[in-house]
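Those letters in the sequence shown? Residues -15 to -1, 1 to 141, by mature numbering (1 follows the signal peptide of the UniProt record, and there is no 0). Idealized CB from N, CA, C, for every residue including glycine. Predicted model, so just to flag it, every value in this text is computed and none were measured.
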Amino acid sequence: MLVFVGRLCVGAVRSVFTLVAVQTRSFCTFTMCAEKLNDVPEVEIEDSGTFKYVLIKVYPGEPSGDHEPSKLIVRGGQKFGPYHGDIYDATLANLQKLGLDSECLGGGRIRHEPEKKELNVYGYSQGFGKADHQLTVSLLKKKYSNYAINWSDEGY
Ligand SMILES: *[C@@H]1O[C@H](CO)[C@@H](O)[C@H](O)[C@H]1NC(C)=O
């Protein structure tokens, strides 16, 4: 931000150019990043079936101190790819476009039965380890509030 303010004095044309350049680089301040976090949906999973999922912590790309905002998101399903690594990579690419950084906290599987309004969370990821399924369930419950949702550390 200081860089931008400094260049603002050089001239209007230059500052517009700088603004465009800064936005293209996905630079964001603490507040801007907090707003971007709000735009990232907490849960995106396949509409039905059994599929792999990952639990991801999203935070601003620029270090912004101890109190940096972050949020947990769940992504799963063939639409992101067959493996846990594919699901994380696809999500990571989208987050990076928004200037957001992330960390994969683990994975597992989700069985989604829309007719029965059931979600079962279980298993683990070979590469990322087992996600905290209880956290995943708490996020799923917000989106699928009229579902029966359970979890287990069993299974693969
Ligand atoms: C979760 O629900 C499914 C379907 O009703 C059931 O088969 C499974 O045993 C349940 N798992 C746990 C841990 O309760």
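By the DSSP assignment, the beta strand (DSSP E) with residue i in it spans what residues?
i    : result
K42  : G34 to P45
V106 : E103 to Y107
S87  : L85 to E98
K56  : K56 to G61
V28  : V28 to I30
Can you have a look at residue i and say buried or exposed, based on whether 16 or more other CB atoms are within 10 angstroms of its CB?
i    : result
N131 : exposed
G140 : exposed
A116 : buried
G34  : exposed
P26  : exposed
N23  : exposed
N135 : exposed
P45  : buried
G62  : buried
Nearest-angstrom Cα distance between residue i and residue j?
i   : j    : result
E29 : K101 : 19 Å
G94 : D71  : Note on residue identity: the sequence assigns Arg, not Gly, to residue 94. Rounded to the nearest angstrom, the two C-alpha atoms are 14 Å apart.
D32 : H97  : 7 Å
A78 : G112 : 18 Å
P54 : A19  : 6 Å
For the alpha helix (DSSP H) that residue i lies in, which residues bound it at each end?
i    : result
S110 : Note, S110: premise wrong, no alpha helix (DSSP H); not H, not E.
N131 : Unbroken run through N131: none, as it is neither H nor E.
Y73  : H69 to K82
By Cβ distance below 7 Å, which residues in the same chain neighbour residue i in space, the five residues on each side in sequence not counted?
i      : result
L(-14) : Caution is warranted here: a pLDDT of 44 is assigned to L(-14), below 50, making its placement in the model unreliable, and the coordinate value is therefore given only provisionally. Once the five neighbours on either side are set aside, L(-14) has no close Cβ partner at all.
Excluding the 5 residues preceding and the 5 following residue i in the sequence, name in chain order all residues of the same chain whose CB lies nearer than 8 Å to its CB.
i   : result
L83 : S11, K21, D24 and V25
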